[in-house]
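Chemist: Below is the structure I would like to discuss, written out as structure tokens.
Numbering (the numbering used here), first residue to last: 163 to 391.
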């Protein structure tokens, strides 16, 4: 009986704590959009011709920088410097959007496609996040499959840096949209069900889902709807 009483008093406290983590995560996620947009503005304003001339080296360099910053955020996640590192990471991520945004803006309907990609990303995120939050269903069973899919996606993307096959690029983007959409369900579910209690790491996970979803949606839209001069 004592055990039942203790469990009953802990359950509301756990629910409050999880709601707090979810609330803080959404607030921080909204905040990360500011340095991302600022970084993207800078990325589209600077000359990135050297990246177009050296796509393999530049892509590997970008990947290395972002991985290093990800480790930095992870290492600092339990201090206020974790928030600083997270915002710094999202700024750099915004700058690295420069190349694809510049390509899009050279299309006649490029601005419209960027808006559609952003809107589509928002709709997918809010729809799936709502499903995970309202139903409170545990999607942790998806973790292993998603991780394997992500590794295969990274390997295919790195391979296509060398082969430069347009059809493979579109296939990768289509699969990536499905994988990162599923990751939104998985990551929000982890927060709702207490699998992730650090809002810095929760924000980082959801940010990466949204970031990659936007890039691959835009890539698909440019390929199928882009109007070239």
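Cβ coordinates follow ideal geometry from the N, Cα and C atoms, glycine included.
What does a CB cutoff of less than 7 Å around residue 294 pick up in its chain, not counting 5 residues either side in sequence?
Modeler: 301, 347, 350, 351, 354
Chemist: Short check: CB of residue 249 to CB of residue 333, under 8 Å?
Modeler: Taking 8 Å as the Cβ cut-off, residue 249 and residue 333 do not qualify as a contacting pair.
Chemist: Look at residue 263 and residue 206 and say whether their C-beta atoms are less than 8 Å apart.
Modeler: yes
Chemist: What residue range does the alpha helix (DSSP H) around residue 349 cover?
Modeler: 328-354
Chemist: What's the gap between the Cα of residue 184 and the Cα of residue 255?
Modeler: 23 Å
Chemist: In chain order, what are the residue ranges of uninterrupted alpha helix (DSSP H) at least 4 long that sit wholly in the region 186-244?
Modeler: 211-215, 217-237
Chemist: Would you call residue 277 buried or exposed, if buried means 16 or more other Cβ atoms sit within 10 Å of its Cβ?
Modeler: Per the 10 Å Cβ criterion, exposed.
Chemist: Do the region 275-292 and the region 302-312 meet, that is, are 3 or more Cβ pairs less than 8 Å apart?
Modeler: no
Chemist: Can you give the beta carbon distance from residue 251 to residue 232, rounded, assuming they're within the 8 Å contact cut?
Modeler: 7 Å
Chemist: Considering only their Cβ atoms, is the gap separating residue 267 from residue 384 smaller than 8 Å?
Modeler: no
Chemist: If you run the structure through DSSP and keep just helix, strand and coil, what is residue 307?
Modeler: helix
Chemist: Quick one: what does DSSP say residue 379 is sitting in, helix, strand or coil?
Modeler: helix
Chemist: Could you compute how far the alpha carbon of residue 335 sits from the alpha carbon of residue 303?
Modeler: 24 Å
Chemist: When the Cα atoms are used, what is the spatial distance from residue 316 to residue 337?
Modeler: The alpha-carbon atoms of residue 316 and residue 337 are separated by roughly 11 Å.
Chemist: Could you give the C-beta distance for residue 379 and residue 339, rounded to a whole number, given that I count them as a contact under 8 Å?
Modeler: With a Cβ gap of about 6 Å, residue 379 and residue 339 count as contacting.
Chemist: For the alpha helix (DSSP H) that residue 281 lies in, which residues bound it at each end?
Modeler: 272-297
Chemist: Please confirm whether residue 343 and residue 382 have their CB atoms less than 8 Å apart.
Modeler: no
Chemist: Where does residue 180 fall in DSSP's three states?
Modeler: helix
Chemist: Starting from the C-beta of residue 366, find all residues in its chain whose C-beta is less than 7 Å away, skip the five residues before and the five after it, and write them out in chain order.
Modeler: 235, 248
Chemist: Can you name the start and end residues of the alpha helix (DSSP H) that residue 267 belongs to?
Modeler: 260-267
Chemist: Helix, strand or coil, according to DSSP, for residue 374 in the structure here?
Modeler: helix
Chemist: What residues in its chain sit with their C-beta under 6 Å from that of residue 298, if we drop five residues either side in the sequence?
Modeler: 354
Chemist: Tell me the rounded alpha-carbon separation between residue 216 and residue 323.
Modeler: 10 Å
Chemist: Does the Cβ of residue 390 have 16 or more other Cβ atoms within 10 Å, making it buried, or fewer, making it exposed?
Modeler: Exposed is the call here.
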